[in-house]
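**Student:**
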Amino acid sequence: MNEKISKILAGIAAETFEGLAFMFGFPEEDENADSGESVVVTRVGFQGPFSGQIIMAVTQQTVQELTENMLGLDDGEDIHPDDQTDALKETINVICGNLLPAIAGKDAVFDIQPPEILADTSSVEKATHGEPVSVAKLSIDDEPCQLSLYIDGQNPEAFMKLTD
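If you want the working numbering, it's the position in the sequence shown, counting the first as 1, plus 8.
#1: Quick one: give me the first and last residue of the beta strand (DSSP E) that E11 is part of.
#2: Can you give me the Cβ contacts of M78 inside the same chain, cut-off strictly under 7 Å, excluding the 5 residues immediately before and after it?
#3: Does DSSP put P152 in a helix, in a strand, or in coil?
#4: Considering Cα atoms alone, identify which of L74, A116, A110 and G80 is closest to C153.
#5: Please state if the CB of I20 and the CB of N106 are separated by a distance shorter than 8 Å.
#6: Using CA atoms only, rank isn't needed, just tell me which of L108, A65 and A112 is closest to K97.
#7: Quick check on the burial criterion: 16 or more other C-beta atoms within 10 angstroms. Buried or exposed for F34?
#8: Let me make sure I understand the geometry here. Which of E26, A22, E151 and V47 has the alpha-carbon closest to that of A6?
#9: Taking the beta strand (DSSP E) that G60 belongs to, which residues open and close that run?
#10: Could you spell out the range, first to last residue, of the alpha helix (DSSP H) harbouring I125?
#11: Considering only residues of the region 73 to 105, which uninterrupted beta strand (DSSP E) runs meet the minimum length of 3 residues and lie entirely inside it, listed in chain order?
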């Protein structure tokens with residue numbers, strides 16, 4: 009696990025939640041943090057000097073608040089499920105779009121695939137191969153959020169330059 013990249017990922021995720029939805033994120037101190045609430049998992053893939061994907065798991069409460077804040081809705085106002093998935097997809101897309109130049113340099117060019125919601129947590133195992141290169145655990149407005157960065161292949165040369 010690359011701690012340097014985990015810190016970059018955590019920082020970018022926290023900035024993204026704050027900038028898009030006025031939600032505040034902090035590194036999660038409790039490794040076993042679990043709200044007991046259902047989890048929504050989304051992923052975004054990318055190709056370029058190295059390829060891979062980012063997977064983000066958040067609680068349904070986080071998705072609700074994220075959507076309300078991004079759309080400027082009042083608490084308790086009806087939210088269409090499509091609005092919730094769109095808000096979550098946009099969030100992971102922005103995180104990915106900011107993470108890649110932060111770790112690969114501003115001149116690196118990546119093709120970011122459209123984000124998708126995974127059916128359930130077992131879909132994560134099907135979507136990933138091996139262990140993540142980096143994991144960031146955050147508390148977003150007191151709800152757990154985990155982001156995992158997966159890089160395809162056995163230590164691609166372009167990525168390994170970043171880990172020195």
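C-beta: ideal position from N, C-alpha, C; glycine also.
**Tutor:** Quick look at the numbers:
#1: Counting along the chain, no beta strand (DSSP E) covers E11; the unbroken alpha helix (DSSP H) around it starts and ends at E11 to A29.
#2: Hits under 7 Å: L28, A29 and A95.
#3: Under the three-state reduction of DSSP output, P152 falls in the strand class.
#4: Between C153 and the set L74, A116, A110 and G80, the nearest pair of CA atoms involves L74.
#5: Less than 8 Å separates the beta-carbon of N106 from that of I20.
#6: When each option's Cα is compared against that of K97, the closest is A65.
#7: The residue is exposed, with fewer than 16 neighbouring Cβ atoms inside 10 Å.
#8: The shown model of the chain, from 9 to 172, leaves out residue 6, and the question about it has no answer.
#9: Segment G60 to T67, the beta strand (DSSP E) holding G60.
#10: Taken as a continuous stretch (DSSP letters only), I125 belongs to no alpha helix (DSSP H), being part of the beta strand (DSSP E) at E124 to L126.
#11: Listed in chain order, there is nothing to give.
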